[in-house]
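Enquirer:
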Amino acid sequence: MLAFTAGRLLTPTEAVEHALVLVDEGRVLEISAQSSQQLPAGVSVCDFGDDLMAPGYIDLHIHGSAGYDVMDDTAEALPAIEQLLARHGVTSYFPTTVTAPMDTMLRALERLANAIEKRESANPESKGRARPLGIHLEGPFLSHARRGVHPPENLLVPTLALFERFWQAARGRIRMMTIAPELEGAPEVIAEAARRGVAVSLGHSDADFAAAERGIVAGARHATHTFNAMRPLDHRSPGILGAVLTDHRLSADIIADGVHLDPAVVKLFAGTKGAEQTVLITDAISATGMPDGRYRLGSFEVDVHAGKCTANGKLAGSVLTMDCAVRNLARFAEWDLSQAVVAASRNPARVARIATKGVLTAGADADFVVLSAAGEVLRSFIGGVECSR
Ligand SMILES: [Zn+2]
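This is the structure:
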């Protein structure tokens with residue numbers, strides 16, 4: 356058994372002062388205030404002093420980091436990405452594919468499924484690195500009008516047969532899918548994906564309000580990088596953004612890097628979707644944690660300068676880290692740090708329907724971060740094991 360103490364713990368929706376956390380076999384056994392609990396005999400304590408314990412962050416949308424893309428066909432890619440993620444407080448993630456030629460996509464899905472399965476069988480050498488929980492399929496079922504940098508020649512009209520090919524290649528490891536609901540065939544694919552437990556997310560879409568609502572009725576329950584790659588809000592024709600911002604059945608995510616959205620829009624979004632349905636993602640690409648230069652995203656090249664990633668003049672992912680996204684949300688939206696932490700932990704876990712992560716309560720996985728009062732990540736633990744820094 357392991358014991359941890361901290362000045363304050365976020366569950367994350369409640370705060371426990373002078374917290375004592377008992378961990379056994381990678382899971383939280385009990386959380387209490389230190390004064391009310393005697394330590395079991397023979398248990399040594401890891402004390403975090405006045406610092407803050409919070410659930411490990413979960414990134415639903417990440418393409419790469421540390422010079423590597425999740426679609427790279429090399430054994431070094433995921434371990435390098437996962438080490439960088441853990442340093443920034445991310446303990447679980449959903450490797451996100453971009454639109455590419457069919458055979459490239461199928462091979463990437465197969466490799467990612469292998470990696471996810473390997474981690475399920477508790478490979479000891481991978482302890483202390485962020486864990487991939489499932490694949491996020493971003494494309495090819497996207498709108499040509501709102502494709503961003505996804506290559507137009509590889510975009511496809513959704514069909515059940517195509518979805519089945521991706522599903523088979525990924526051996527059922529697709530846990531999230533971004534899709535434009537206005538495409539012909541989209542409602543059927545949304546309904547089937549939702550039936551299989553995929554978190555269907557509306558995005559890269561030029562949908563009007565009615566088409567967005569049809570996607571929600573079919574089973575979509577989230578929205579991808581809200582405002583970016585979406586038909587803009589018009590006050591007489593609200594479109595997909597009108598639906599995302601007002602429909603309480605949808606949670607939604609944003610890229611709070613100060614580049615993709617003006618801080619005032621982050622504040623508007625946070626005030627509208629609220630503490631329950633605001634989700635932070637990074638949409639990070641291989642350049643994250645690297646110097647400026649030219650990098651890959653899936654099968655195309657991206658220029659990175661001063662925190663901005665572009666391909667042919669269009670924004671192409673970010674170099675954002677999740678700890679920075681949390682601090683930015685708190686600052687932009689004028690939220691407490693503890694509120695912003697919820698948007699990076701409990702809320703994404705809810706989107707993916709994973710009850711044992713994103714929270715620090717009895718029975719949850721012992722995935723947690725130690726934060727300074729300013730939200731800097733000091734240490735990260737996965738299953739009670741510390742990640743190397
Ligand atoms: Zn995107």
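Here the numbering used here is used: position 342 in the sequence shown is 697, and no number is missing along the way.
Glycine residues also receive a C-beta, built at the ideal position from the N, C-alpha and C atoms.
These figures come from a predicted structure and were not determined experimentally.
#1: Using 8 angstroms for Cβ pairs, my map puts Ala535 next to His559. What's the rounded Cβ distance?
#2: Would you check if there are 3 or more beta carbon pairs closer than 8 angstroms linking the region 504–523 to the region 652–663?
#3: Starting from Arg363, follow its DSSP beta bridges and name the residues at the other end.
#4: Please report the distance separating the alpha-carbon of Ala500 from that of Ser743.
#5: According to the Cβ coordinates, are Ala409 and Leu364 closer than 9 angstroms?
#6: May I ask which residues mark the beginning and end of the beta strand (DSSP E) holding Gly648?
#7: For Ala463, name the three-state secondary structure that DSSP assigns.
#8: The beta strand (DSSP E) with Leu726 in it runs from where to where?
#9: Evaluate the contact criterion for the region 390–406 versus the region 359–376: three or more CB pairs, one atom per stretch, below 8 angstroms.
#10: Return the residue from the list Thr452, Asp589, Ser693, His615 that minimises the CA-CA distance to Leu467.
#11: How would you call Ser498, buried or exposed, if buried means at least 16 neighbouring beta carbons within 10 angstroms?
#12: Just to confirm, is the Cβ distance from Leu415 to Pro703 under 9 angstroms?
#13: Looking at His418 and Cys679, is the spacing between their C-beta atoms short of 9 angstroms?
#14: Let me know the secondary structure DSSP gives Arg530 once reduced to three states.
#15: Measuring from the CB of Gly558, is there a heavy atom of ligand 1 at a distance below 8 angstroms?
#16: Hey, is the region 454–461 in contact with the region 727–740, meaning 3+ C-beta pairs nearer than 8 angstroms?
#17: Short of 8 angstroms in beta carbon distance, which residues of its chain neighbour Arg530, apart from the five on each side in sequence? Order them along the chain.
#18: Would you grab the beta carbon distance between Gly594 and Leu588 for me? Rounded to a whole angstrom, and I think it's under 8 angstroms.
#19: Would you report the Cα separation of Asp608 and Ser727, rounded to the nearest angstrom?
#20: One question on the structure: do Tyr423 and Ala441 come within less than 9 angstroms of each other, judged by their Cβ atoms?
#21: Could you spell out the range, first to last residue, of the alpha helix (DSSP H) harbouring Cys742?
#22: Report buried or exposed for Val398, applying the criterion of at least 16 other Cβ atoms within 10 angstroms of its Cβ.
#23: Let's test the definition: count the other Cβ atoms within 10 Å of the Cβ of Thr711 and tell me whether it reaches 16, buried, or not, exposed.
#24: Taking only three categories from DSSP, how would you classify Arg520?
#25: What separation, rounded to the nearest whole angstrom, lies between the Cα atoms of Asp379 and Val725?
#26: Pull up the CB-CB distance for Thr533 and Ala485, whole angstroms please, since I reckon it's below 8 angstroms.
#27: Between the C-alpha atoms of Ala719 and Glu472, what's the straight-line distance to the nearest angstrom?
#28: Can you round the beta-carbon distance between Asp612 and Gly662 to whole angstroms, since I take them to be within the 8 angstroms contact cut?
#29: Beta carbon of Lys622, beta carbon of Phe582: below 9 angstroms?
#30: Might you give, ordered along the chain, the residues of its own chain that have their beta carbon closer than 8 angstroms to the beta carbon of His580, omitting 5 neighbours on each side?
#31: How close, in whole Å, do the beta carbons of Gly381 and Ala666 come, if the pair is a contact with beta carbons under 8 angstroms?
#32: Excluding five sequence neighbours on each side, which residues of the same chain lie with their C-beta closer than 6 angstroms to the C-beta of Asp563?
#33: Between Leu464, Ala699, Ala374, Gly668, which has its C-alpha nearest Val681's C-alpha?
#34: Just mark Glu475 as buried or exposed, buried being the case when its beta carbon has 16 or more other beta carbons within 10 Å.
#35: In or out: Asn469 buried (at least 16 other Cβ within 10 Å) or exposed?
#36: If I'm right that Arg520 touches Leu510 with Cβ under 8 angstroms, what's the distance once you round it to whole angstroms?
Expert: The relevant details are as follows:
#1: Right, the Cβ-Cβ distance comes to about 6 angstroms (below 8 angstroms), so this counts as a contact.
#2: At 8 angstroms Cβ cutoff, the stretches touch.
#3: Here Arg363 is bridged, per DSSP, to Glu372, Leu407.
#4: One Cα belongs to Ala500, the other to Ser743, and the distance between them is close to 43 angstroms.
#5: Cβ atoms of Ala409 and Leu364: closer than 9 angstroms.
#6: Where Gly648 is concerned, the enclosing beta strand (DSSP E) stretches over 648–652.
#7: The DSSP-derived three-state label of Ala463 is helix.
#8: Under the DSSP assignment, Leu726 falls in the beta strand (DSSP E) whose first and last residues are 723–726.
#9: Yes, they touch.
#10: Per the Cα distances, Thr452.
#11: Per the 10 Å Cβ criterion, buried.
#12: Contact flag set, yes.
#13: Not in contact: Cys679 and His418 (Cβ atoms no closer than 9 angstroms).
#14: DSSP places Arg530 in the strand class (E or B) of the three-state scheme.
#15: Judged by the Cβ position, Gly558 qualifies as a neighbour of ligand 1 at the 8 angstroms threshold, a heavy atom of the ligand being closer than this.
#16: Verdict: no, contact absent.
#17: The beta carbon of Arg530 is closer than 8 angstroms to those of Phe449, Leu488, Gly489, Ile490, His491, Gly552, Val553, Ala554, Ala707 in its chain, skipping five residues each way along the sequence.
#18: Indeed, because the Cβ distance is near 7 angstroms, the residues count as touching under 8 angstroms.
#19: Ser727 has its alpha-carbon roughly 25 angstroms from the corresponding atom of Asp608.
#20: For Tyr423 and Ala441, no; Cβs fall outside 9 angstroms.
#21: No alpha helix (DSSP H) contains Cys742, which DSSP labels as neither H nor E.
#22: Under this definition Val398 is an exposed residue.
#23: Counting Cβ neighbours within 10 Å, Thr711 comes out exposed, since fewer than 16 surround it.
#24: Looking at Arg520 - three-state DSSP - the assignment turns out to be helix.
#25: Cα-Cα distance, rounded: 19 angstroms.
#26: At roughly 21 angstroms, the Cβ-Cβ gap does not stay under 8 angstroms, so Thr533 and Ala485 are not in contact.
#27: A straight line joining the alpha-carbon of Ala719 with that of Glu472 spans about 21 angstroms.
#28: A Cβ-Cβ distance of about 7 angstroms is found for the pair Asp612 and Gly662, placing them in contact under the 8 angstroms criterion.
#29: In this structure, Lys622 lies away from Phe582, with their beta-carbon atoms at least 9 angstroms apart.
#30: Contacts found: His416, Gly558, Asp608, Ile609, Ile610, His615, Ile636, Asp638.
#31: Actually they do not touch by this definition, with Cβ atoms about 41 angstroms apart.
#32: Answer for Asp563: Gly594, listed in chain order.
#33: When only C-alpha atoms are compared, the closest one is Ala699.
#34: Counting C-beta atoms within 10 angstroms of its own C-beta, Glu475 has fewer than 16 neighbours from the protein chains shown and is therefore classed as exposed.
#35: With fewer than 16 other Cβ atoms within 10 Å, it is exposed.
#36: The distance from the Cβ of Arg520 to that of Leu510 is about 15 angstroms, inconsistent with a contact at the 8 angstroms cut-off.
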